[in-house]
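Numbering (this note's numbering), first residue to last: -19 to 468.
Using N, Cα and C, we set each Cβ at its ideal position, and we do this for glycine too.
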Ligand SMILES: Cc1cc2nc3c(=O)[nH]c(=O)nc-3n(C[C@H](O)[C@H](O)[C@H](O)COP(=O)(O)OP(=O)(O)OC[C@H]3O[C@@H](n4cnc5c(N)ncnc54)[C@H](O)[C@@H]3O)c2cc1C
C-alpha cells in the first residue's frame, strides 16, 4: 500500500491549492481527481463564464465584431480547453505530487480507496486527508422538458449556438451573470424568479439596480414564478406567476441556476467518523480541520466557502496548519469578498444589511449610500446604475460591510476588504487622496458623508454611541410572535 504525507480528494480550486502547496514544501502528496483538473472553476464555472461575459460584452459594445454567437461560444470552449490542458500538464510535473485520475472513497481516517475509470481499485495510506470535492448544480424536474433542452452550468458552455430563447430559473449569481451574457450574444432571455426580487442575500438596492439594468437590456423578469410543464412540440414553457398562469412560447433551452449541492455522497465520511450536515457541509474549524484531527476540508464542501478565492484562502490555511503546526493558529477565517460579474458588476464584503440588523441596534449604525452617477466619473461615463453602500459603527467609523454596484466593482471591493481587515476607519479614508475622476472617488464621498454627519455633532454622537453600541437590536415582529408562542 502506497503511503503519502497527504491525500487530497478533488483537483479543483481548493484541492489544487493544498496539494501543490504541500508538495512544494516537500510533503509526498497524492491528488485524486475523478474528472478534470481545475474542477468547476476551470471547466464549468469561472473561466468559461468570465470568458463568455468578456467576449459577449465586447461584441455588444463593438459593432465591428463580426463573430456571431456560435463563434464566441467556440472561442470560450477553446480557451477553457487550452487552460485545462495547460493546468493538467503543469500539475502532472510538480515534484512530490502524484496526480491520480479516479474516484476516491475514504475507508478510514488514514485510508483512501481509488477506483480508476477502468474499474481497477487500489488503496492509499495517508497521514492527512483533505476533502475538496466541491459542489454540483441543483436541478428541479419540469414535466415534459427533454434532457437536451435542460441546461446547468455543466452543459451551458458546451452549446454550439446560443439558444433562441433562454429561460433561466434562479435569482442568484449564475442567473444574473448568464442572463446578461446570453442576451448580449443575441438570445432572448426570460428570468423566472421564485421570490420577490433578485439577489436576495444582498441589500434590496442591489436587486433593484440589476433589475432596472436587465429591463434596459431587454431581459424579461417574472417574479413569484414557477415552471409547471414544458410542451416540446410547441417549445412552450407553462409557468405560474403571482398574476396567474402564463405560457412562454419559443423557449428552446431552460437553464437551472437554482442553487448548489455539496459533493458529500459516497465519499465515506461516516467511515472516517467525519461530522457533516447535508445542507451546511463538513463542519471545520477556522483552519479547515474537521472533528477528526487528520481530516480537513476546503472549498464548496465547507459551510463558508462559495468561491474560488475563498477555497484558495482556506487551502492556504490548511497548508500552513499541516506544514507548520507550531505556528500560532489564531483568529477567525478571513473576510471573503463576494463578486458578481453581472451588468453592472456587484461586489460586497463584510456584514450584509440583514446581518447588521441582527447584530447591532439600528441607532448604533450609520448607513452611507453614494450614487456613482453623482461622482464626476459617473457623469462622464453617463452611468445610470451604480452605488457604494457602507454600514459603519457611529462615532468610531469602524466599517461593518460595504457593497458596490457599478463598473469594476469586483476590483474596487479589495479597497474595502483591506480597510476592514486592517481596522482602517472612515476617518482615515476621509484623509486619503483619490485620483480624479475615478469611481474610487465615491469612497471619498462615503467618508465625507460620515464625517459631515459625525464631527459637527460630536456630543450627540457620543451619547448615541454610549447608549446603543452594546444595546440589543430590537427583535423583528415575527420573532417576538414566535417567542410568545413558544416560551423558553
Ligand atoms: C457558473 C459558475 C461561475 C462561477 N464563477 C466564479 C467566479 O467568477 N469567481 C469565483 O471565485 N467563483 C466562481 N464560481 C464558484 C467556484 O467555481 C467554486 O466555488 C470553486 O470551484 C470551488 O472549488 P472547490 O475546490 O471547492 O471545488 P471544485 O472546483 O468543484 O472541485 C472539486 C473537484 O473534486 C472532484 N471530485 C468530486 N468528488 C470526487 C471523488 N469522490 N473523487 C475524486 N474527485 C472528486 C470533482 O470532479 C472536481 O474536479 C463559479 C461557479 C459556477 C458554477
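- Residue -19 counts as exposed, since fewer than 16 other beta carbons sit within 10 angstroms of its beta carbon.
- Listed in chain order, the non-local C-beta contacts of residue 20 below 7 Å within the same chain comprise -8, 114, local neighbours out to five positions each way being set aside.
- Here residue 311 is exposed: its Cβ has fewer than 16 other Cβ atoms, across all protein chains shown, within 10 Å.
- Taking C-alpha positions only, residue 271 is separated from residue 282 by approximately 13 Å.
- At a cut-off of 7 Å, the beta-carbon of residue 243 counts as near ligand 1: some heavy atom of the ligand is closer than that.
- DSSP places residue 320 within a strand segment (E or B) once states are collapsed to three.
- The beta carbon of residue 164 sits closer than 7 Å to those of 36, 37, 39, 40, all from its chain and outside the five residues before and after it, given in chain order.
- Taking all protein chains in view, the Cβ of residue 245 is surrounded by fewer than 16 other Cβ atoms within 10 Å, so the residue is classified as exposed.
- Within its own chain, the residues whose Cβ lies closer than 7 Å to the Cβ of residue 75, once the five positions on either side in sequence are excluded, are 3, listed in chain order.
- Beta-bridge partners of residue 13 (DSSP): 81.
- Of all alpha-carbon atoms in 420, 173, 256, 308, the one lying nearest the alpha-carbon of residue 239 is that of 173.
- With distances taken between CA atoms, residue 261 lies nearest to 241 out of 267, 241, 275.
- By the C-beta criterion, the region 334 to 342 is judged not to be in contact with the region 395 to 412, since fewer than 3 inter-stretch pairs fall below 8 Å.
- Contact check for residue 150 against residue 205 fails: the beta carbons are separated by 8 Å or more.
- Excluding residues up to 5 positions away in sequence, 371 lie with their Cβ nearer than 6 Å to the Cβ of residue 347 in the same chain.
- The beta carbons of residue 158 and residue 190 sit no closer together than 8 Å.
- Under DSSP, residue 170 takes part in a beta bridge, and its partners are 147, 200.
- Residue state for residue 264 is assigned as coil, using DSSP reduced to three classes.
- Across the structure, residue 313 and residue 108 are spaced so that their CA atoms are roughly 21 Å apart.
- With a contact defined as Cβ atoms closer than 8 Å, residue 352 and residue 329 miss out at about 17 Å.
- Only exposed fits residue 120, as fewer than 16 other CB atoms lie within 10 angstroms of its CB.
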